[in-house]
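Protein chains in written order, with this note's numbering: chain A, 2 to 115; chain B, 38 to 149. We put the beta carbon where it would ideally sit given N, CA and C, even for glycine. Notes follow once the structure below has been shown.
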Amino acid sequence: DAGVTQTPRHEVAEKGQTIILKCEPVSGHNDLFWYRQTKIQGLELLSYFRSKSLMEDGGAFKDRFKAEMLNSSFSTLKIQPTEPKDSAVYLCASSLDRGTYEQYFGPGTRLTVL
Amino acid sequence: QQQVRQSPQSLTVWEGETAILNCSYENSAFDYFPWYQQFPGEGPALLIAIRSVSDKKEDGRFTIFFNKREKKLSLHITDSQPGDSATYFCAASHGGSAKLIFGEGTKLTVSS
């Protein structure tokens, strides 16, 4: 079975640009999470979907970050406009709603904003 | 406010030694505690997990010790190997929630 796929693996953007990161969860999983990972803040939850419905939209990230789940097998994270402080690794994870809640993570997208 | 805390931030042990990674939490409603292992350039992967009804969980060389009264847990890695060098995250959730709260991570280096 394919794991979580994230594209692109690396992204370089100029300040003020709009970027879209993509995620394909494990087939059959109905929970999907977007995280931001930095050395200072660690893993921060950006958004959480259950069966395509948005369950949580990380408060501090609401204004420029928008995650969508267009169908059960595809999600996007849009950052608009980007700022240098957005430079981080963005991780997508999925899990089955079956009690164990093991989250399967993708390899991440490393974003650099100049 | 950090609800899950880990120490130390980094740890170096010799091959064959036991590495001990610590975790503490604030919310007494937390009842599920997974540990994730992350190698450079990869996403975290579940290593081992424990529920609050247990005080110990073993899986090969990895053991979680859990103290509910003190709201503390630790991950022991016995016979540490260079391949265990990674960052380890303690996480917590409660009430059947799928949402995990992660600690800051401990970077483990095993020297040969």
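Can you list, in chain order, the residues of the region 18-39 of chain A whose Cβ is nearer than 7 Å to any Cβ on chain B?
Answer set for the region 18-39 of chain A: Asp32.
Whose Cβ in chain A lies nearer than 7 Å to the Cβ of glutamate 79 of chain B?
Looking up residue 79 of chain B in the second sequence gives position 42. By Cβ distance, chain A contributes Pro108.
With respect to the beta strand (DSSP E) encompassing leucine 112 of chain A, which residues constitute its N-terminal and C-terminal limits?
One-based indexing of the first sequence puts residue 112 of chain A at position 111. Where leucine 112 of chain A is concerned, the enclosing beta strand (DSSP E) stretches over 110-114.
Below 8 Å between beta carbons: does that hold for glycine 120 of chain B and proline 108 of chain A?
As a first step, residue 120 of chain B is located in the second sequence; it is residue number 83 there, counting from the start. As a first step, residue 108 of chain A is located in the first sequence; it is residue number 107 there, counting from the start. No.
Do the region 53-63 of chain B and the region 33-51 of chain A meet, that is, are 3 or more Cβ pairs less than 8 Å apart?
With the cut-off at 8 Å, the region 53-63 of chain B and the region 33-51 of chain A do not touch.
Distance cutoff 8 Å, beta carbons only. Does leucine 46 of chain A sit that close to anything in chain B?
Along the first sequence, read from residue 1 onward, the residue named residue 46 of chain A stands at position 45. Yes, its Cβ sits closer than 8 Å to a Cβ of chain B.
Can you tell me where the beta strand (DSSP E) with isoleucine 85 of chain B in it begins and where it stops?
The sequence position of residue 85 of chain B within the second sequence is 48, counting from 1. Note, isoleucine 85 of chain B: beta strand (DSSP E), 82-88.
Would a C-beta distance cut-off of 8 Å place leucine 47 of chain A and phenylalanine 66 of chain A closer than the cut-off?
Locating residue 47 of chain A in the first sequence gives position 46, counting from the first residue. Locating residue 66 of chain A in the first sequence gives position 65, counting from the first residue. Going by C-beta atoms, leucine 47 of chain A is nearer than 8 Å to phenylalanine 66 of chain A.
For the candidate residues A:Ala3, A:Gly4, A:Pro9, whose alpha-carbon lies nearest to that of leucine 78 of chain A?
Residue numbering aside, residue 78 of chain A sits at position 77 when the first sequence is read from its first letter. Checking every option, the nearest Cα to that of leucine 78 of chain A belongs to A:Pro9.
Any C-beta of chain A within less than 9 Å: which residues of the region 52-84 of chain B qualify?
Correct list: Tyr69, Pro71, Tyr73, Gln75, Gly78, Glu79, Gly80, Pro81, Ala82, Leu83.
Checking 8 Å against the spacing of the C-beta atoms, do lysine 105 of chain B and serine 130 of chain B come in under that value?
One-based indexing of the second sequence puts residue 105 of chain B at position 68. One-based indexing of the second sequence puts residue 130 of chain B at position 93. No, the pair does not count as a contact, with Cβ atoms beyond the cut-off.
Shortest alpha-carbon distance to leucine 84 of chain B belongs to which of A:Arg111, A:Tyr105, A:Val114, A:Thr110?
For the purposes of this step, residue 84 of chain B is taken as the residue at position 47 of the second sequence. When each option's Cα is compared against that of leucine 84 of chain B, the closest is A:Tyr105.
Measure from the C-beta of glycine 43 of chain A to each C-beta in chain B and report whether the shortest distance is under 8 Å.
Mapped onto the first sequence, residue 43 of chain A falls at position 42. Yes, glycine 43 of chain A counts as interfacial toward chain B.
Could you tell me which chain A residues have their CB closer than 8 Å to the CB of glutamate 141 of chain B, listed as they occur along the chain?
Taking the first residue of the second sequence as position 1, residue 141 of chain B is located at position 104. What glutamate 141 of chain B touches in chain A: Gly43.
The beta strand (DSSP E) spanning arginine 51 of chain A covers which residue range?
Residue numbering aside, residue 51 of chain A sits at position 50 when the first sequence is read from its first letter. Element bounds for arginine 51 of chain A: 43-51.
Give a yes or no on whether the minimum CB-CB distance between aspartate 98 of chain A and chain B is below 8 Å.
Taking the first residue of the first sequence as 1, we reach residue 98 of chain A at position 97. So, interface residue.
I'd like to know whether the C-beta atoms of leucine 97 of chain A and histidine 30 of chain A end up nearer to each other than 8 Å.
Within the first sequence, residue 97 of chain A is the residue found at index 96, counting from 1. Within the first sequence, residue 30 of chain A is the residue found at index 29, counting from 1. Contact: yes.
Given glutamate 52 of chain B, which residues of its chain have a CB within under 8 Å of its CB, disregarding the five upstream and five downstream residues?
Position 15 of the second sequence, counted from the start, is the residue given in the question as residue 52 of chain B. Correct list, in chain order: Ser117, Gln118, Pro119, Val147, Ser148, Ser149.
Quick check: what's the CA-CA separation for proline 26 of chain A versus valine 114 of chain A?
Locating residue 26 of chain A in the first sequence gives position 25, where the first residue counts as 1. Locating residue 114 of chain A in the first sequence gives position 113, where the first residue counts as 1. So the two alpha carbons sit approximately 26 Å from each other.
Grab the span of the beta strand (DSSP E) containing valine 13 of chain A for me, first residue to last.
Walking along the first sequence from the start, residue 13 of chain A turns up at place 12. That run of the beta strand (DSSP E) goes 11-14.
Classify aspartate 32 of chain A as helix, strand or coil using the three-state DSSP reduction.
Counted from its first residue, the first sequence places residue 32 of chain A at position 31. Strand, per DSSP.
For tyrosine 91 of chain A, would you say it is in contact with chain B, using Cβ-to-Cβ distances shorter than 8 Å as the test?
On the first sequence, position 90 is the one that residue 91 of chain A refers to. Chain B contact via Cβ: absent.
Whose Cβ in chain B lies nearer than 7 Å to the Cβ of glutamate 57 of chain A?
The residue given as residue 57 of chain A occupies position 56 in the first sequence. Ordered by position in chain B, the residues that pass the 7 Å Cβ test against glutamate 57 of chain A are Lys136.
Identify which residue in A:Tyr102, A:Asp58, A:Ser95, A:Glu15 has its Cα closest to the Cα of glycine 4 of chain A.
As a first step, residue 4 of chain A must be located in the first sequence, where it is residue number 3. Of the listed residues, the one whose Cα sits closest to glycine 4 of chain A is A:Ser95.
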